[in-house]
Amino acid sequence: MFDDFFIRALVAGIGVAFVTGPLGCFVIWRRLSYFGDTLAHSALLGVTLAFTMEFNIAISVFVISSMIALILIQLQKKTNLPGDALLGLLAHSSLAVGLVVIGFLTFIRFDIMGLLFGDILAVSVDDLLIIWIGGALILLVLKLIWKPLFASTVNYELAEAEGLNPDRAKAIFTILMAAIIAISIKMVGLLLITGMLIIPAAMARNLSSSPQSMVIYSIIGGLLSVIIGLFTSLEFNTSSGPSIITAALLLFILSLFKIKQSIKLKN
Amino acid sequence: MSTDQNILVKLNDAGLQLNNKWLVKGVSLQVEKGKIVTLIGPNGSGKSTTAKIALGIYKKIDGSVEKYTNKVGYVPQKISIDWTLPLRVNDFMMLTESLNKETIDEALSLTGVIHLKDKNLGDLSGGEFQRVLLARAISKKPDLLVLDEPVQGVDFTGEIALYELIKKISDELSCGILLISHDLHTVMSATDHVVCLNGHVCCSGSPMDVAKNNEYKALFGEQASQILSRYQHKHDHIHTDEGEIKKN
Chain W
1 MFDDFFIRAL VAGIGVAFVT GPLGCFVIWR RLSYFGDTLA HSALLGVTLA
51 FTMEFNIAIS VFVISSMIAL ILIQLQKKTN LPGDALLGLL AHSSLAVGLV
101 VIGFLTFIRF DIMGLLFGDI LAVSVDDLLI IWIGGALILL VLKLIWKPLF
151 ASTVNYELAE AEGLNPDRAK AIFTILMAAI IAISIKMVGL LLITGMLIIP
201 AAMARNLSSS PQSMVIYSII GGLLSVIIGL FTSLEFNTSS GPSIITAALL
251 LFILSLFKIK QSIKLKN
Chain H
1001 MSTDQNILVK LNDAGLQLNN KWLVKGVSLQ VEKGKIVTLI GPNGSGKSTT
1051 AKIALGIYKK IDGSVEKYTN KVGYVPQKIS IDWTLPLRVN DFMMLTESLN
1101 KETIDEALSL TGVIHLKDKN LGDLSGGEFQ RVLLARAISK KPDLLVLDEP
1151 VQGVDFTGEI ALYELIKKIS DELSCGILLI SHDLHTVMSA TDHVVCLNGH
1201 VCCSGSPMDV AKNNEYKALF GEQASQILSR YQHKHDHIHT DEGEIKKN
């Protein structure tokens, strides 16, 4: 059944949505939108590395994104620059370096649009394995660190005081972020991965009153976005990433009506 | 059981320096099971910092902290919660430990906020939130409770009730309590040991000892000293508005 490129894309997208749902909630709660963007931009370097060394794209993106995260943490400790400036510095310089390196690799034909915005034709059976096995691992690890990560998101000092080791949870979460970018880059494209993380979770925030329900709505929102987006992409021959994100945006707009209602009820 | 086994946390000459400025220096104290240790001192004297040192929140400290338990309940002085999080009181109760429904209900009832269980945390008033914070800290039945001004913003009658509750918890669970409070009246009646801070330990001992101490008098004034010592005698009389003494 995986012979059909569209089925492959659908199965890949559904796998990605299951993982971006819960991770996206943490991206919103911990205000990491721009951090996610930085890691995603640096993914281009990972992709070029994969092409030059004929290596698996997901693994090489994962390695490069993790390295950029580590460099960021070091820069935060060693310089007096504000966090957003450092993020911008790393995001744009790694994107620029990636594009310059591509310029040198004239012997390889690059589908830049596909890299930036996702390409459903590019999803192979190997990619499906990486998405589903990698995704399951990410969710498993997230489940294990959920308590300390969530507690420190609410209040760092409470978590630290009551012995939950929030620093370790934060470090592991950073690695999970690099991992989700690595496995979803082919589907959504590196410029739009953060959108896949944030928009369904933002929609979920409008509908939910507890952290658990927000995670569930976020997953449902992601799944619907992928399914609607991919069918649109097939029908109108649009890039897969933008189609998925546009579907997510529409769901977000619909969720705004729910807020209005609850505010009316309060008054 | 020897005294040493009763020790829950011990600070040895502990201090914290931030940007070349000492927040607090040379603090030695210990909290034992079933005892209430109260930190008093003016604003900026390092009370909250000392509590955080005891909790192990700061990593680079001077001196040392020995913590003998991991079952800790903490009520911070300031807590800024980001309201991008959908969080009900019930979710907040289970923040650091999974508890069953009965335990949560019991703790919320003790601090008088059981009716707020399904409310969004962001919709609570300051006093209500403070009661929820205290309920959360006691619900996990900790060995060590660190309470940084636990009744701030709570109404007057509630304040007295909550202090009584704190004393009761210390007796029933035989947990040690490190308490920070500005309210000398209420606190002193129940405290076993007072540590008076002013960037360093200015004096410490039983409430009576501290009240007699000259440094304490210099810091808080003669009146405060009388407040402390008042609790050393039994209240067998009341003072009328005219200043006369009336036997009970």
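Chains W and H, in that order, give the protein sequences.
Residue numbers for the first sequence follow the numbering used here, so the first one is 1 and each next one is one higher.
Residue numbers for the second sequence follow the numbering used here, so the first one is 1001 and each next one is one higher.
For every residue, glycine included, the Cβ atom is placed at its ideal position computed from N, Cα and C.
Taken through DSSP and simplified to helix, strand or coil, Leu1008 of chain H comes out as strand. Taking C-alpha positions only, Leu1110 of chain H is separated from Thr1050 of chain H by approximately 28 Å. Chain-order list of chain W residues neighbouring Arg1131 of chain H: empty, with the shortest C-beta distance near 16 Å, by a criterion of under 9 Å. Closest option to Gly118 of chain W, judged by alpha-carbon separation, among W:Phe257, W:Ala136, W:Ser233: W:Ser233. Contact annotation: in the segment 162-177 of chain W, residues whose CB is within less than 7 Å of a CB in chain H are Glu162, Gly163, Leu164. The Cβ-Cβ distance between Asp1192 of chain H and Val1075 of chain H does not fall below 9 Å.
Exclusion of the five residues before and after Glu1097 of chain H leaves Lys1140 as the residues of its chain whose Cβ lies within less than 6 Å of its Cβ. In this model, Lys1167 of chain H and Leu1179 of chain H are separated by some 11 Å (Cα to Cα).
Rounded to whole angstroms, Ala201 of chain W and Asp1155 of chain H show a C-alpha spacing of 39 Å. Residue contact with chain H for Met214 of chain W: present (Cβ-Cβ distance below 9 Å to some residue of chain H). Looking from the CA of Ile1177 of chain H, the closest CA among H:Asn1090, H:Tyr1163, H:Asp1183 belongs to H:Tyr1163. Around Pro211 of chain W, the beta-carbon contacts reaching into chain H at under 8 Å are Leu1085, Pro1086, Leu1087, Asp1091. Taken in chain order, the members of the segment 15-33 of chain W whose beta-carbon sits within less than 7 Å of a beta-carbon on chain H are Ile28, Trp29. Membership of Ile57 of chain W in the alpha helix (DSSP H) is indicated by the continuous run 57-78. Closer than 9 Å at the C-beta level to chain H, one finds no residue of the segment 232-265 of chain W. The shortest C-alpha to C-alpha distance from Cys1196 of chain H to any of H:Pro1142, H:Leu1055, H:Lys1025 is the one to H:Lys1025.
Fewer than three beta-carbon pairs drawn from the segment 1129-1140 of chain H and the segment 194-214 of chain W are found closer than 8 Å, and the two stretches are therefore not classed as touching. Interface annotation, Leu1095 of chain H: in contact with chain W, CB-CB separation under 9 Å. Scanning chain W for C-beta atoms nearer than 8 Å to the C-beta of Val1146 of chain H yields Ala161, reported in chain order. At a cut-off of 9 Å between C-beta atoms, Ile1180 of chain H does not count as an interface residue with respect to chain W. Put simply, of H:Asp1209, H:Ala1211, H:Val1027, H:Asn1019 the residue whose alpha carbon is nearest the alpha carbon of Val1009 of chain H is H:Val1027. Among the bridge pairs identified by DSSP, Leu1145 of chain H is matched with H:Gly1073, H:Ile1177.
Shown here for Phe62 of chain W: same chain residues with a beta carbon closer than 7 Å to its own, the five before and five after excluded, namely Ala178, Ala179, Ala182 in chain order. Using a CB distance cut-off of 9 Å, Arg8 of chain W does not count as an interface residue toward chain H.
Three or more Cβ pairs drawn from the segment 135-143 of chain W and the segment 161-180 of chain W lie within less than 8 Å of each other, which places the two stretches in contact. With a cutoff of 9 Å on beta-carbon distance, Ala17 of chain W and Lys186 of chain W are scored as not near each other. When the five nearest sequence neighbours on each side are left out, the beta carbons in the same chain lying within less than 6 Å of the beta carbon of Leu164 of chain W are those of Pro148, Ala151, in order along the chain. In this structure, Ile1057 of chain H keeps its C-beta atom at 9 Å or more from the C-beta atom of Lys1047 of chain H.
For Leu144 of chain W, the nearest beta carbon of chain H is not closer than 9 Å to its own beta carbon. Listed along chain H, the residues sitting closer than 8 Å to Ser208 of chain W by beta-carbon distance are Pro1086.
For Glu1032 of chain H, the enclosing beta strand (DSSP E) begins and ends at 1021-1032. Listed in chain order, the alpha helix (DSSP H) elements of length 4 or more contained wholly in the segment 129-203 of chain W are 156-161, 166-188. By the Cβ-count criterion, Leu176 of chain W is buried, with 16 or more other Cβ atoms from all chains shown falling within 10 Å of its own Cβ.
Under the DSSP assignment, Asp1062 of chain H falls in the beta strand (DSSP E) whose first and last residues are 1062-1067.
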